[in-house]
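Notes follow the structure.
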Amino acid sequence: MVETVVFVVFAIAAVVGAVAMLAARNPVFSAMGLLLTMFSMAVFYLLLDAQFVAAVQVIIYAGAVMTLFLFVIMLIGVDRREDLGEQIPFQRPVTFVLAAGLFAVIVAAGSSAWVTGSAAFGDPNMNGTIESVGRELFGGWMIPFLATVFLLTIAAVGTVALAQFGPGGLRLAPRGEDEESEA
Amino acid sequence: MTVTVAWYMTLAAGLFSMGAAGVLLRRNALVMFMSVELMLNSVNLTFVAAARELGLVEGQVAALFVMVVAAAEVTIGLAILVAVFRRRATANVDELSALKG
Amino acid sequence: MIDSLWLVIAFPLAGAALLVFFGKRIGEPASGWIASAAIIASFVFAVPLVIPFVSGTAHPETVLVYRWIPVIGANVSLLWDPLSALMVMVVTGVGSLIHLYSIGYMHGDERYGRFFAYLNLFAASMLILVLADNFALMFVGWELVGLSSYLLISFWFTKPSAAAAGKKAFVVNRIGDWGFLVAVMLIFAAFGTVDFGVVFAEAPVVLTTAMATAITLLLFVGAAGKSAQIPLYVWLPDAMEGPTPVSALIHAATMVTAGVYMIARTAALFELAPASSGVVATVGALTALLAATIAIGQRDIKRVLAYSTISQLGYMVLAVGVTAYTAGMFHLMTHAFFKALLFLGAGSVIHAMANEQNMDKMGGLRRAMPWTFGTMVVAWLAISGVFPFSGFWSKDEILASTFAQGGFYYLLFAIGLLTAVLTAFYMTRLMVLTFWGAPRWDDGVQPSESPGIMVVPLVVLAVLSAVGGFINTPWRLGLESFLEPSFEAVTQAHPSSDLTAWVLVFGSVTIAIIGIAWGWARYRRDELPAETGGYWDAALAGYHVDDAYGRLIVAPGLAVASWSARIFDLRVVDGLVNGLGIAVRSFATSLRPVQSGYVRSYGLGIAFGALGLIVYLLIAGGAF
């Protein structure tokens, strides 16, 4: 009973957040909407016995990713209002059709034997504690874990490299030298 | 009425299509990114729900990996966006159409 | 000795190669002596190989030099039998004399060395032709003499008329070559080989009359091209643009006789197709008459001789057409003597007259050039058929053999007789206009006798023209027995040896004297008859045959070529190719708008693709 109520409430919140994200003219409002959706996701994870994932969702997604988004919005100053018109012909109707079609297909797929028909073959007492997730992660999924390590390292390096592109193009020399030569 | 896994799946599907629509409809690059994040989140929900249903922890592990990759992708993507904005002073993807045929 | 027969070809070939590369450096007169030495060497080398045939103690042999295409019987292998031996003697013998003459004649020419290189090349080619023992090698020689002829006719190529004449000769010859080639193809189709020995031996068994007729007629087309018979004779008068020794060697003594030789060689095939022989004889006779009528009206001394050559070739072709092969070869030989002499003598006259060739500007040269005059008198009498010079014996044998065939051939005999009168007439005209009467020279022209190097060959040829006929008299058929081994398998026509023979002999001598007397009476006067109007103009222009060919054949050909180049090639072919390019480009242009540059459009496309893929996978997986 409780579960149902919680689900319904936060489902509505998630959808509202998503719609806000889509419809808001001001990108800051879009970010806020997405933040709401992400919090709702965290609640869902809790309902689904995935405590660790829920915690990570809040910390990483809501805490880091969305903060990063807001920083960038503020940095490049696109908090102006976006205009409403659509230039590409038929983009809107076709997109709606696409979205509707996508939804229908996924639901139809989901209602087939693929997803719901197979018998549970896992552990009915599964829980999402840190311990069990950790065991699984560092047990069979060590190599993908290490791959993600590399991935994050490369992402960091790449971001630093991308920061070298200034308004006039590539700026390779460190700023200190420029000042020295000017003096 | 109990909450079955189908509810979660359906919700995830709906959020996914809304995210897809957002990518295709919005012109602001940042909002497009956020729509992609929404799609990734819905997929995460699907993974975790399936993990619950099937009794496997692998689903949650998969959700974690998706989060890691999403974080990395956001990092790079926003860095690119910032670099583009420094050159072109616009975040409107429709204006980045130099590869027109 | 016989195994080195290929040296006969190698000497002049080596001479040609040497002179092509080093002729300029060797300079005159050394190049001339080298070339002459080469061909004299061939002659000297061949003589001992001929003697056994004279005494009748030798058999025809083949000498294999190189295995070229053995599968079809086409090897570089040489056939040494009396017929080829005779041709080799004529080519190298008369050729040597002409080479020596040219040393003096071409003095001062800036491409002296090149001239002798070409002369040697020609000699080598002709020797390949006559020594070949299969159709393929013979065709190689055939084509090479055509090439040499082209090079030599247009030797002074800076003169447009010479260049055009060379081209004309080559093109008209080509038509003949086509006939020859198709005939060889048919022979190969029928026999599976092109080797003479095999073909001639198996011909009676393998060939139907129809096939034999087709092959022989096509061979005759080739002969007509090379030997200047109707309708392919038009190149020969124009070929007089070449230096006179060239005219003497190629267009009198040797190359033009290749057709006659070829028919004699393929006698075995002609024997199976009497209809073709009839055609050959008729064409020969008509050509002889036609050319003689044209020769009467010519004013250029070399042109008279050119048409005379065509006419005499007609005689030879008539002879081989009535299967009197010995008579044909006999006349070939004697004609080589006196016609070469006539050309060389004319060259001597032209040389002395500072390159004047028009007889209207000559006259009275017999005192200025006694040796030239004397030798040309011998040639004149020989060609007119006066007893006992060589031309009499050979021409008489031809006419008698024709008469002996009876029926339709009486007509051809009459034509030949008429031609003999005309021959005597126009030759007398030539002699009188050139050597007798008061001088009609241009100012400043002082003719004197030519240098010794030019006179000696004239004398040698005069002697041969005088006594050459005695090798085949009715009392001692020397040439016939000499050529016997070559014509074993073939029936030859012979003149009858009874009273008719004597009547014919008497008749032909009378005819010759009538012709000479007529010419003498008409031209040996102070006031030369004005030869203009009507017949004279037509004859001078060769009855406008060249114009007719130009309008009927050349003009349409040029029109087709022009259409092909200007319309077909430009519009159709280029249009097709360009059109393809344009089509591709326009298609690409029409597809360009797909690349709108908008990321969101691309995204839409991708999304739809993904949706489609998902649906497909679901259906394929049985989800629905």
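Line by line, the protein sequences are chains U, W and B. Just so we're aligned: the first sequence equals residues 1 to 183 in my numbering. Just so we're aligned: the second sequence equals residues 184 to 284 in my numbering. Just so we're aligned: the third sequence equals residues 285 to 908 in my numbering. Each residue gets a CB set at the ideal place from its N, CA and C atoms; glycine is no exception.
- In the three-state reduction of the DSSP assignment, residue 280 (chain W) falls in the coil class.
- In terms of beta-carbon proximity, residue 885 (chain B) lines the interface with chain U, with at least one pair separated by less than 8 Å.
- In the displayed model, residue 549 (chain B) falls within a helix according to three-state DSSP.
- The DSSP assignment places complete alpha helix (DSSP H) segments of no fewer than 4 residues inside the region 516-599 of chain B at 519-522, 528-532, 542-549, 551-555, 558-580, in order along the chain.
- Taking all protein chains shown into account, residue 9 (chain U) has fewer than 16 neighbouring C-beta atoms within 10 Å of its C-beta and is therefore exposed.
- Only residues of its own chain outside the window of five on either side were considered, and among them 3, 6, 7 have a CB closer than 7 Å to the CB of residue 47 (chain U), listed in chain order.
- Taking the C-beta atoms as reference points, residue 332 (chain B) is found no nearer than 8 Å to residue 365 (chain B).
- The Cβ neighbour count for residue 635 (chain B), taken over all protein chains shown within 10 Å, is at least 16; the residue is labelled buried.
- In this structure, DSSP gives residue 349 (chain B) an extended state, which the three-state scheme calls strand.
- A direct Cα-to-Cα measurement between residue 890 (chain B) and residue 94 (chain U) gives close to 13 Å.
- Looking only at B:756, B:872, B:848, the smallest Cα-Cα distance to residue 338 (chain B) is reached by B:756.
- Residue nearest to residue 289 (chain B) within the set B:415, B:736, B:312 is B:415 (criterion: CA-CA distance).
- Within chain W, the residues whose beta carbon sits less than 8 Å from that of residue 110 (chain U) are 189, 192, 193, 196, listed in sequence order.
- Residue pairing by DSSP puts residue 416 (chain B) in a beta bridge opposite B:362.
- Residue pairing for residue 760 (chain B): DSSP places it in a beta bridge opposite B:757.
- Comparing alpha carbon positions, the residue from B:405, B:411, B:421 closest to residue 431 (chain B) is B:405.
- Apart from the 5 residues on each side of it in sequence, residue 234 (chain W) sits with its Cβ closer than 6 Å to the Cβ of 242, 243 in its chain, given in chain order.
- With the criterion set as a beta carbon lying under 8 Å from some beta carbon of chain U, the members of the region 861-884 of chain B are 880, 882, 884, in sequence order.
- Residue 846 (chain B) and residue 777 (chain B) do not touch by the CB rule: their CB atoms are close to 50 Å apart, not below 8 Å.
- The CB of residue 257 (chain W) comes closer than 7 Å to the CB of 65, 68 in chain U, given here in chain order.
- Counting only Cβ-Cβ distances below 9 Å, residue 102 (chain U) has contacts in chain B at 891, 894, 895, 898, in chain order.
- Residue 383 (chain B) counts as buried, since at least 16 other C-beta atoms from the protein chains shown sit within 10 angstroms of its C-beta.
- Looking at the backbone, the Cα of residue 632 (chain B) and that of residue 657 (chain B) are separated by about 10 Å.
- Between residue 156 (chain U) and residue 92 (chain U), the alpha-carbon positions lie close to 36 Å from each other.
- Closest in alpha carbon position to residue 665 (chain B), among B:626, B:693, B:696, is B:626.
- Assigned with DSSP and collapsed to three states, residue 727 (chain B) falls in coil, not helix or strand.
- Between residue 407 (chain B) and the set B:351, B:859, B:320, the nearest pair of CA atoms involves B:320.
- Segment contact: the region 62-69 of chain U against the region 242-261 of chain W, three or more CB-CB distances shorter than 8 Å; contact assigned.
- A direct Cα-Cα distance of roughly 34 Å separates residue 467 (chain B) from residue 304 (chain B).
- Below 8 Å, enough C-beta pairs join the region 520-534 of chain B and the region 432-445 of chain B to call them touching: three or more.
- CA-CA distance, residue 654 (chain B) to residue 750 (chain B), rounds to 18 Å.
- When only Cα atoms are considered, residue 839 (chain B) and residue 442 (chain B) end up about 25 Å apart.
- Look at residue 457 (chain B) here: in three-state DSSP terms it is helix.
- Taking a contact as a CB-CB distance under 8 Å, the pair residue 826 (chain B) and residue 585 (chain B) does not count as one, their CB atoms being some 16 Å apart.
- In chain order, 371, 414 place their CB closer than 7 Å to the CB of residue 545 (chain B), counting only its own chain and leaving out the 5 sequence neighbours on each side.
- The three-state secondary structure of residue 275 (chain W), taken from DSSP, is strand.
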